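One line per chain: the protein sequences are A and B, in this order.
The first sequence: position 181 = 181 (this note's numbering), numbered continuously.
The second sequence: position 253 = 253 (this note's numbering), numbered continuously.
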Amino acid sequence: MDWLLLAEFSLVGLLSGGVLALIALGFVLVYKGTRVINFAMGEFMMVGAYLFWTTHVFLKLPWWAALALTLVGIAGLGAVVERFVLRPLAGQPVISIVMATIGLGAVLHGAAEAIWGGANLALPEILPRKPLILGEVLLPGQVLWSFALAVALIAGFTAYFHWSKGGVSMRAAASDPVTAYAMGIDVRRTQRLTWIFAGVTGAVAGIIVASMTSLSPTLGTVALGVLAVIILGGLDSIAGAIIAGLIVGWLESITVAFIGGQARDVVPYLVVLVILMVRPYGLFGTRDIERL
Amino acid sequence: MNILEAEGLTLSFGGIHALADVSIAVPKGGITAIIGPNGAGKTSLFNAISGFYRPSRGTIRFDGADITRVPGHARAALGLARTFQNVALFRGMTVLDNIKLGGHHRLRAGALGAMWYLGRAAAEESRLREEIEREVIDFLEIDHIRDLPIDALAYGLQKRVELARALAMRPKVLLLDEPVAGMNREETEDMARFILDIQEERGITVMLVEHDMGLVMDISSHVVVLNFGSVIASGTPAEVRANPAVIAAYLGERAAKQRAA
């Protein structure tokens, strides 16, 4: 066994797990805030990446202006989705709402294809390429930077959820909307904010993923793999999302190194399957089982 | 002076009138009880006052202002706190965290603010915590359970925690929906004492829905009787107890006639 190779692939895997954890965070935020599993998360990523392409590549705005516009745009999309898709379904069974998010994903996918076409577009590499060399291990710059970005965002949201007034409102509104309302919490506002956050995390993750690979309407399928991560981590645990993201990133990387690229997509799911058989509520989640 | 007035409240679900032209006045500083047989509209009246239901007709005035169109969460911030018939606490949180949520609407550090000014948010929170310790936890004698999760508590204590959370909202009017339902005698007596203390020491106006007539007659200064969505009597406990319409509603027409004879 080549220990150096193992170390290198392990590190790269863990680092690339950062973006997966960020996508996972998007799922967890929505689940914590509204008890809905958002199957349109991948499409939020995809639309975010397209908005960035449009403002940065097509309109040739500087990257920071493009990013700001993208985030505003995706926040708007999140708010619209909450108002016109989720709110009319308030009080319906969870399964109907989950179905609606699947439908929403299909609509966004179709719209993206109609607007931007199905061909692969290239986003410029925003993150610096310069690798970090640790002894004999080489870490690609993009992976490092994407990890750092993901960590910063995740830390911000975690702090928000735990300590800020709005974050506490969100947790209360998710746990019991009626009582939260009686406590003076504007439940509609917190739910809108939840979807805006989901859009923002999705857009950032989407831009990172698209800039390291390429941009097409199917970009969102990454998120489906991450949903497996989420279930592994427990749907309502931010810590679980992070750790599960890292685990899957690591597994994928190790699989590529020692078994081969074609097994990459299978092994993580196998592990998830085994873990769910032992701990059906995930590694860190509360013992409420959401049946899908 | 009345702190809360409802006039001509009408609320229907399909063809059923939950409230039909209900008018009540709640004097400031007193304990007003709403009583009536099951399905009389007591909880509907509470829900209309606290903004969970929007009546089709009628107005609600609170502390001198018309709040008919104010959404429920904003009414809570104005000083209308309530408890629920079934204990409605946040499971999986501790007693202290639940109570702190009552003071939540008074925190100022907002959504983004808290991210940039963690220091200020933390200071604000520790102030809130101190205030809650002093004004609520000691007052309701729940110091020993403050760090326990809700699920570990007996029913009577859960009800008391819910009352504590409502108090932490620093309300002007406290709406209690069946505060002693399901309690044993000792728990009921404790609750009665707390309600009286809240009214006397804190000067908070209390409005309660309750089936325990002993409690209602003992502590209320004013009683309103509802039946089939309408007010059939109101007055002091003694007046209401002697009212033939009330006896008829509770015991039937025949009993009322026998009493009169």
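Glycine residues also receive a C-beta, built at the ideal position from the N, C-alpha and C atoms.
All values derive from a computational prediction rather than experimental measurement.
Checklist entry - How long is the line joining the alpha carbons of residue 203/B and residue 253/B, rounded to whole angstroms? => result Using only the alpha carbons, I get a separation of about 40 Å.
Item to check | Integer Cβ distance of residue 37/A from residue 199/A, believed to fall under 8 Å | outcome: Rounded, the Cβ-Cβ distance is 16 Å, inconsistent with contact.
Next on the checklist: For the stretch 40 to 62 of chain A, list every residue whose C-beta sits within 7 Å of some C-beta in chain B, in sequence order.
Outcome noted: Within the stretch 40 to 62 of chain A, not one residue has a Cβ closer than 7 Å to any Cβ of chain B.
Item to check | Three-state secondary structure assigned by DSSP to residue 68/B | outcome: Residue 68/B: coil per DSSP, three-state reduction.
Checklist entry - DSSP three-state call for residue 242/B: helix, strand or coil? => result Reduced to three states, the DSSP call for residue 242/B is helix.
Checklist entry - Rounded C-beta distance between residue 245/A and residue 42/A? I'm assuming under 8 Å. => result Contact check for residue 245/A and residue 42/A: beta-carbon distance about 15 Å, past the 8 Å limit, so the pair fails to qualify.
Item to check | CB contact flag (residue 169/B, residue 167/A, <8 Å) | outcome: Taking a C-beta distance under 8 Å as the contact criterion, residue 169/B and residue 167/A do not qualify as a contact pair.
Item to check | Residues near residue 28/B in its chain [Cβ-Cβ closer than 7 Å; skip 5 each side] | outcome: Excluding positions up to five away in sequence, the list reads 1, 2, 3, 205.
Next on the checklist: I'd like the list of long-range same chain contacts for residue 269/A, defined as Cβ closer than 7 Å, with 5 residues on each side in sequence excluded.
Outcome noted: For residue 269/A, the CB contacts under 7 Å within the same chain, skipping 5 residues up- and downstream, are 228 in chain order.
Item to check | Cβ neighbours of residue 248/B in the same chain (closer than 8 Å, five flanking residues each side left out) | outcome: Excluding positions up to five away in sequence, the list reads 255, 256.
Item to check | Enclosing beta strand (DSSP E) for residue 190/B [first to last residue] | outcome: Note, residue 190/B: premise wrong, no beta strand (DSSP E); alpha helix (DSSP H) at 185 to 202.
Item to check | Interface partners of residue 185/A on chain B, CB under 9 Å | outcome: Ordered by position in chain B, the residues that pass the 9 Å Cβ test against residue 185/A are 73, 76, 101, 104, 105.
Item to check | residue 207/B versus 124/B, 184/B, 163/B, residue with shortest Cα-Cα distance | outcome: Restricting attention to 124/B, 184/B, 163/B, the CA atom closest to the CA of residue 207/B is found in 163/B.
Checklist entry - Would you report the Cα separation of residue 67/A and residue 191/A, rounded to the nearest angstrom? => result Cα-Cα distance, rounded: 24 Å.
Item to check | Own chain, CB closer than 7 Å to residue 7/B, minus 5 neighbours either side, in chain order | outcome: If you ignore the 5 residues before and after residue 7/B, its C-beta comes within less than 7 Å of the C-beta of 23, 58, 59, all in its own chain and listed in chain order.
Item to check | Contacting residues, own chain, Cβ-Cβ under 8 Å from residue 137/B (five flanking each side not counted) | outcome: Only 96, 99, 143, 146, 164 meet the Cβ criterion.
Next on the checklist: Across the stretch 14 to 22 of chain B and the stretch 186 to 200 of chain B, are there enough close Cβ pairs to call them in contact, namely three or more that are closer than 8 Å?
Outcome noted: Taking 8 Å as the limit for Cβ pairs, the verdict is that the stretch 186 to 200 of chain B does not touch the stretch 14 to 22 of chain B.
Next on the checklist: For residue 79/B and residue 217/A, I'd like the C-alpha separation in whole angstroms.
Outcome noted: Those two C-alpha atoms are separated by around 51 Å.
Next on the checklist: Just to confirm before moving on: does the CB-CB distance between residue 10/B and residue 209/B stay below 8 Å?
Outcome noted: Contact: no.
Item to check | Cβ neighbours of residue 291/A in the same chain (closer than 6 Å, five flanking residues each side left out) | outcome: Low local confidence applies: a pLDDT of 42 at residue 291/A is under 50, so the model's placement there is unreliable, with the coordinate-based value given in what follows. Nothing meets the Cβ criterion.
Item to check | Per DSSP, cross-strand counterpart(s) of residue 25/B | outcome: Beta-bridge partners of residue 25/B (DSSP): 5/B.
Checklist entry - What does a CB cutoff of less than 7 Å around residue 233/B pick up in its chain, not counting 5 residues either side in sequence? => result Here the set comprises 225, 240, 243, 245, 246.
Checklist entry - Around the Cβ of residue 56/B, are there at least 16 other Cβ atoms within 10 angstroms (buried) or fewer (exposed)? => result With fewer than 16 other beta carbons inside 10 angstroms of its own, residue 56/B counts as exposed.
Checklist entry - Alpha carbon to alpha carbon, what distance is there between residue 33/A and residue 132/B? => result Each residue's Cα considered, the two are about 26 Å apart.
Next on the checklist: Less than 8 Å between CB atoms is the rule here; does residue 126/B satisfy it with respect to chain A?
Outcome noted: False, the Cβ-Cβ gap to chain A never drops below 8 Å.
Item to check | Contact check, residue 194/A vs residue 25/A, beta carbons under 8 Å | outcome: Contact: no.
Next on the checklist: According to DSSP, is residue 36/A part of a helix, a strand, or is it coil?
Outcome noted: DSSP places residue 36/A in coil when its eight states are reduced to three.
Checklist entry - Quick one: is residue 245/B near chain A, going by C-beta distance under 8 Å? => result Not one chain A Cβ lies under 8 Å of residue 245/B.
Next on the checklist: Quick check: what's the CA-CA separation for residue 143/A versus residue 155/A?
Outcome noted: Spanning the two alpha carbons is a distance of roughly 18 Å.
Checklist entry - Which class does residue 60/B belong to by DSSP, given the choice of helix, strand or coil? => result In the structure shown, the three-state DSSP call for residue 60/B is strand.
Next on the checklist: Output needed for residue 97/A: all residues of its chain with C-beta closer than 8 Å, excluding positions within five of it in sequence on either side, in chain order.
Outcome noted: For residue 97/A, where only same-chain residues beyond five positions count, the Cβ hits under 8 Å are 36, 86, 89.
Checklist entry - Of the choices 33/B, 125/B, 140/B, 25/B, whose alpha-carbon is the least far from that of residue 201/B? => result Taking the Cα of residue 201/B as reference, the smallest distance to any Cα among 33/B, 125/B, 140/B, 25/B is reached at 140/B.
Checklist entry - What is the rounded straight-line gap between the Cα of residue 262/A and the Cα of residue 8/A? => result Their backbone Cα atoms lie some 20 Å apart in a straight line.
Next on the checklist: Assuming residue 148/B and residue 94/B are in contact, meaning their beta carbons sit under 8 Å apart, how far apart are those beta carbons, in whole angstroms?
Outcome noted: With a Cβ gap of about 6 Å, residue 148/B and residue 94/B count as contacting.
Next on the checklist: For residue 47/B and residue 179/A, what's the separation of their Cα atoms in angstroms?
Outcome noted: Looking at the two C-alpha atoms, the distance is approximately 12 Å.
Checklist entry - Counting contacts by CB-CB distance shorter than 8 Å, is residue 90/B in contact with chain A? => result Yes, because at least one Cβ of chain A sits closer than 8 Å to the Cβ of residue 90/B.
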